[in-house]
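Below: one structure, written as structure tokens.
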Amino acid sequence: MFLLVVAMVVSLFGVRLFQLQGLDPKAYAAKAREQGAVTAVLPAKRGEILDRTGSPLAQSVQGRMLIADPALTRPYAAVIARVLADRLDVDYFDTLAKLTKKNSRFQYLARRIPSTQATAAVTAIQAKIKPLIKDKEKRAVPFGGVTLMSDPLRSYPGKDVAANLLGFINANGQPSGLELSFDKLLSGKDGKQTYEVGGGNRIPLGQNTTVEPRNGKDLELTIDRDTQWYVQRVLCNAVEGSGAESGSAVVMRPGTGEVLALADCPTFDANDPSTAKKGTLGAPSLQNVYEPGSVEKVLTVSSLLDAHKVTPRTKITVAPELHVADRTIHDWFTHPVLHLTMTGVIAKSSNIGTAEAATQLTHEQLYDKLREFGLGSRTGVGLAGETAGLVPDWHSWSAVNQATIAFGQGISVNTLQMAAAINTIANHGVYVSPSLVKGSATTDSGQQVGTDHTTKRRVVSTEAATKMTRMMEMVPNPETGTAPGAQVAGYRVAGKTGTAQEVDPKCKCYGNGFTVSFAGFAPADKPAFTVYVVINKPTNGGGGGSIGGPAFSKIQSFLLQRYGVTPTGTKAPNLPIYWGSDLR
Amino acid sequence: MSILKSEIRVPRFAEETLRRARLSVVPDRVEEARRAPFVALVVLLLGGGVAGLLAFNTSMQQASFHATALENRADALTAKKQALSMQLAAKRDPQALAARAKALGMVVPTDPAFIRLTDGTILGQPTAATPDDSMRINPAPAVKPEVLAPKPRVVKVPAATPAAVTPSASPSTVEKKPHRQKKGHSIQ
């Protein structure tokens, strides 16, 4: 009898064993795993973007999103909305509407909130609601109406500082700007961990597999945060003060090509790009082109100096107007026949004088020099979407093209390109490729950029560059030049103004707008900084000297002071501007 | 069973002694080993093992609780650290610093000047800062749309010359054109 019972029990076990192991063992195993196993993504930390001093321009923070289940929150909506409005800077009434929404069980209350703040808010909500729940059993369970979920938060502590360069990461996690160009480098690779859980705790000897996350690397820029901030403010003041549409400014170190500041105005708060005005999200200083105007005369004249075609004292007879083929070229000021030296042509910014002098170069020579100065090719600083500008092929030039290109019309550049070209003169005739990245970094497209990959090439002789500098020193001179506002007291400053008509993209003709600019460097005899300021479409009637000049001076003063560059103590040479009968 | 045991019980190195012992007439006094201590030992080992394993498992579980608690705490602390570093970064933000400096009445110096400490020489041209040097650090207030802020209407009244005073030359309304620069290749 006993044996029979034993046999029955054993056979029952046998049947169950067969059912478990024989019929569909995999499904049961999977079910068991599902119950106990947890797979967690170990998020890789996105690298920071730092300025040249190591201050963060972009950093990643653990973030949370607050989610509401309106079905649960409706009775307590007022209490919850009050807490959230107090703690998270969300609108009370918007939140109230979300909390009481009908036929919904999922509402975003707030996104990308720093983890501590979010947790504190939820704790506060639970503490407020607990006494309101009447059911004793329900009161024992934490209120589940407002929950948290991971929501990585990218923070830009400088707000609008360098925002045009850095870009931002939108709500869908899509990056732009440098965040996009160096996305692979910055983002790293997420890890994964699978482990078994019992009662919220890991089972010690349970299955456990871990793939460690690979954190993103930091990206160090050559940008100086404080300089960038100051340049942005000075630039925006110049833009707003002149009623202009937009503007950009560059600060470069002549010897190394490091870009200390690359500013655009208007700009936006990278923490909240949704509030940006339309069309301000990119980096126009690299992505837009314009005609450089008279600033380009520096390149033409230094090429002439390099070819020994002119000297600073070369006498030029400047006609009231210049007829080239079927076109007539004017100067910005009406004048009778003027007797200007080459220096005078630069100081007074005469188109006619420059065009006349430039006839001594062949089309090919001028074209080649402009290309050597970096015009018509990307600077390759690493920001996606940079424009190359345009220098038309010399084979297609006519005499008019030669004349207008000589004073900066009929070619297009971006701001950094032009700054790098002027920087060549500051760097004694050697072009240095500009850099935004300190050290070396690889863009997503596989391009290696940074100060470790700087290239240099001689464009004009040291002698030509020195002569050009002396001529440019006459521009901020109040007695001889067009930009007295660009002076820095106690320092020797070399520069050049520019005012060019803007090309209307609709009619592809010259419109009513102007692009005014000022490029220069100081101290002239030992350049420490090249600064270039460009203002688009000012409406107060000002030119490169009156709008760009003062902004240039402010930026230079700040830089010289911040980096402790003392005056050289030498005196600027006084080159003759006029000759013959105009000599006074 | 007992033969097997005696074989086991006699170690190899003892054989010589055994042989010598056989030579003398001595009664065989090989004692039967007592079983009790062995059983006790086994039971002790087994019991101890089970208890140890149980204790070990419990402590592992305890450690796991502790690890989970510590991990949670580490997460919270990391989040706190990040929040604090964010706050610090916000305080160090140049805009915030400039706003505080401006509130104290500070301005950006216009002309850089230095004192060389070795000989006390003043380099540059020091100039006293004035309130005029103050710089706007916030964007200008938004321009109102034209509907809300209409442009002033400028009415040009032709100068009344004796010849022109006729009923037909009544004052005409002309909107002033915005200031414009010269067209053509005017470049400065």
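Chains A and B, in that order, are what the protein sequence lines are. Sequential numbering of the first sequence, starting at 436, is according to the numbering used here. Sequential numbering of the second sequence, starting at 57, is according to the numbering used here. All C-beta atoms, glycine included, are put in the ideal place defined by N, C-alpha and C. All figures in this text were calculated on a predicted structure; none of them were measured in a lab.
Applying a beta-carbon distance threshold of less than 7 Å, which residues of chain B neighbour residue i?
{"i": "A:L993", "result": "The sequence as given places Phe at residue 993 of chain A; Leu does not occur at that position. The contacting residues are V164."}
{"i": "A:T551", "result": "A135, K136 and A139"}
{"i": "A:Q497", "result": "T134, A135 and Q138"}
{"i": "A:G714", "result": "In chain order: nothing, as chain B lies at least about 16 Å away."}
{"i": "A:D661", "result": "P150"}
Since residue i meets chain B, which of its residues come closer than 8 Å, beta carbon to beta carbon?
{"i": "A:R481", "result": "Those within 8 Å of A:R481 in chain B number zero; the least Cβ separation is about 12 Å."}
{"i": "A:W664", "result": "P150, Q151 and A154"}
{"i": "A:G925", "result": "D167, P168, A169, L179, G180 and Q181"}
Apart from the five residues on each side of it in sequence, which residues of its chain come closer than 6 Å, Cβ to Cβ, to residue i?
{"i": "A:G1015", "result": "H774"}
{"i": "A:M436", "result": "none"}
{"i": "A:P832", "result": "Rather than Pro, the amino acid found at residue 832 of chain A in this sequence is Trp. Cβ within range, chain order: H798."}
{"i": "A:V753", "result": "L773, L775, S785, I787 and G788"}
{"i": "A:V694", "result": "T657, M687, P869 and L871"}
{"i": "A:H765", "result": "E756"}
{"i": "A:G731", "result": "Note that residue 731 of chain A corresponds to Glu in the displayed sequence, not to Gly. Hits under 6 Å: G843."}
{"i": "A:E807", "result": "V894"}
{"i": "A:T915", "result": "A782, M909 and I1012"}
{"i": "A:D939", "result": "G946"}
{"i": "A:M777", "result": "V745, P747 and T749"}
{"i": "A:G692", "result": "V867, S868, P869, S870 and T889"}
Interface residues of chain A around residue i at Cβ under 8 Å?
{"i": "B:T73", "result": "The contacting residues do not exist; B:T73 stays about 52 Å from chain A at best."}
{"i": "B:F54", "result": "Because chain B in this structure spans residues 57 to 244, residue 54 of chain B falls outside the shown range and cannot be described."}
Can you name, in chain order, every residue of its own chain whose Cβ lies under 7 Å from the Cβ of residue i, other than the five neighbours on each side?
{"i": "B:P223", "result": "Annotation note: pLDDT 48 at B:P223 (below 50); position unreliable, coordinate value reported separately. Once the five neighbours on either side are set aside, B:P223 has no close Cβ partner at all."}
{"i": "A:G983", "result": "T932, V951, S952, F953, V968 and I970"}
{"i": "A:G864", "result": "R893, V894, V895, S896, T897, A899 and A900"}
{"i": "A:E680", "result": "N971 and K972"}
{"i": "A:I604", "result": "R589, P610 and E614"}
{"i": "B:T174", "result": "none"}
{"i": "B:A154", "result": "I193"}
{"i": "B:Q237", "result": "Because B:Q237 sits at a pLDDT of 43, beneath the cut-off of 50, its placement in the model cannot be relied upon, and the point is left open."}
Assuming residue i contacts residue j under a Cβ cut-off of 8 Å, what Cβ separation, rounded to an integer in Å, is found between them?
{"i": "A:P549", "j": "B:M142", "result": "6 Å"}
{"i": "A:V780", "j": "A:A792", "result": "7 Å"}
{"i": "A:K480", "j": "A:G626", "result": "The Cβ separation is near 11 Å, so there is no contact."}
{"i": "A:A698", "j": "A:Q663", "result": "6 Å"}
{"i": "A:R817", "j": "A:A876", "result": "The sequence as given places Gly at residue 817 of chain A; Arg does not occur at that position. Correct: roughly 7 Å between the Cβ atoms."}
{"i": "A:L620", "j": "A:A718", "result": "Not really, about 19 Å apart at Cβ, beyond 8 Å."}
{"i": "A:A559", "j": "A:D704", "result": "Not really, about 28 Å apart at Cβ, beyond 8 Å."}
{"i": "A:Q800", "j": "A:A742", "result": "7 Å"}
Kindly list the residues whose CB is nearer than 8 Å to the CB of residue i, restricted to its own chain and excluding five residues on each side of it in sequence; keep chain order.
{"i": "A:L1088", "result": "Look at the range of chain A in this structure, 436 to 1019, and you will see that residue 1088 of chain A is not part of it."}
{"i": "A:A442", "result": "none"}
{"i": "A:G449", "result": "none"}
{"i": "A:L583", "result": "R499, M500, L501, I502, A553, T554 and V557"}
{"i": "B:V221", "result": "Confidence at B:V221 is low in this model, with a pLDDT of 48, below 50, so the placement of that residue should be treated as unreliable; the coordinate-derived value is given next. Excluding positions up to five away in sequence, the list is empty."}
{"i": "A:G845", "result": "E726, P827, N836 and T839"}
{"i": "A:D595", "result": "Q667, T702, F703, D704 and A705"}
Show which residues of chain B have a CB atom less than 9 Å away from the CB atom of residue i.
{"i": "A:S490", "result": "A145 and R148"}
Check whether the stretch 587 to 594 of chain A and the stretch 480 to 497 of chain A are in contact - that is, three or more C-beta pairs closer than 8 Å.
Contact between the stretch 587 to 594 of chain A and the stretch 480 to 497 of chain A is established, with three or more Cβ pairs separated by less than 8 Å.
Decide if the stretch 801 to 812 of chain A is in contact with the stretch 823 to 830 of chain A; the criterion is three or more beta carbon pairs, one per stretch, under 8 Å apart.
Three or more Cβ pairs closer than 8 Å define a contact, and the stretch 801 to 812 of chain A meets that threshold against the stretch 823 to 830 of chain A.
Specify whether the stretch 958 to 973 of chain A and the stretch 664 to 684 of chain A touch according to this definition: at least 3 beta carbon pairs, one from each stretch, less than 8 Å apart.
With the cut-off at 8 Å, the stretch 958 to 973 of chain A and the stretch 664 to 684 of chain A touch.
Just by C-beta distance, which residues in the stretch 186 to 199 of chain B are closer than 7 Å to chain A?
Answer in chain order: M191, R192, I193, P195 and A196.
Using 8 Å as the threshold, is the stretch 737 to 751 of chain A in touch with the stretch 625 to 633 of chain A, meaning 3 or more CB pairs across them?
Verdict: no, contact absent.
Closer than 8 Å, Cβ to any Cβ of chain B: which residues of the stretch 971 to 995 of chain A, in chain order?
Within the stretch 971 to 995 of chain A, the qualifying residues are T974, N975, G976, G978, G979, G980, K989, S992, F993 and L995.
Hey, is the stretch 877 to 891 of chain A in contact with the stretch 658 to 674 of chain A, meaning 3+ C-beta pairs nearer than 8 Å?
In short, these stretches do not touch, since the Cβ pair count stays below three.
Is it a yes or a no for the stretch 501 to 515 of chain A touching the stretch 539 to 549 of chain A, going by three-plus beta-carbon pairs under 8 Å?
Segment contact: the stretch 501 to 515 of chain A against the stretch 539 to 549 of chain A, three or more CB-CB distances shorter than 8 Å; contact assigned.
Using a Cβ distance threshold of 8 Å, determine whether the stretch 568 to 577 of chain A contacts the stretch 610 to 623 of chain A, with at least three qualifying pairs required.
The stretch 568 to 577 of chain A vs the stretch 610 to 623 of chain A: no contact.
Against chain B, which members of the stretch 582 to 605 of chain A pass a CB distance test of less than 7 Å?
S590, P592, G593, K594 and V596: these are the residues of the stretch 582 to 605 of chain A whose beta carbon lies less than 7 Å from some beta carbon of chain B, given in chain order.
With three or more beta-carbon pairs closer than 8 Å as the criterion, would you say the stretch 642 to 661 of chain A touches the stretch 166 to 186 of chain B?
Output reads no: the stretch 166 to 186 of chain B does not touch the stretch 642 to 661 of chain A.
Does the count of Cβ pairs from the stretch 200 to 211 of chain B and the stretch 178 to 190 of chain B closer than 8 Å reach three?
Between the stretch 200 to 211 of chain B and the stretch 178 to 190 of chain B, the count of Cβ pairs shorter than 8 Å is below three; the stretches do not touch.
Scan the stretch 666 to 677 of chain A for residues whose Cβ lies nearer than 7 Å to a Cβ of chain B and list them as they occur along the chain.
Along the stretch 666 to 677 of chain A, the positions whose C-beta sits under 7 Å from a C-beta of chain B are R668, C671, N672 and E675, read in chain order.
Three or more C-beta pairs closer than 8 Å, one from the stretch 544 to 558 of chain A and one from the stretch 489 to 501 of chain A: is that the case here?
Yes, they touch.
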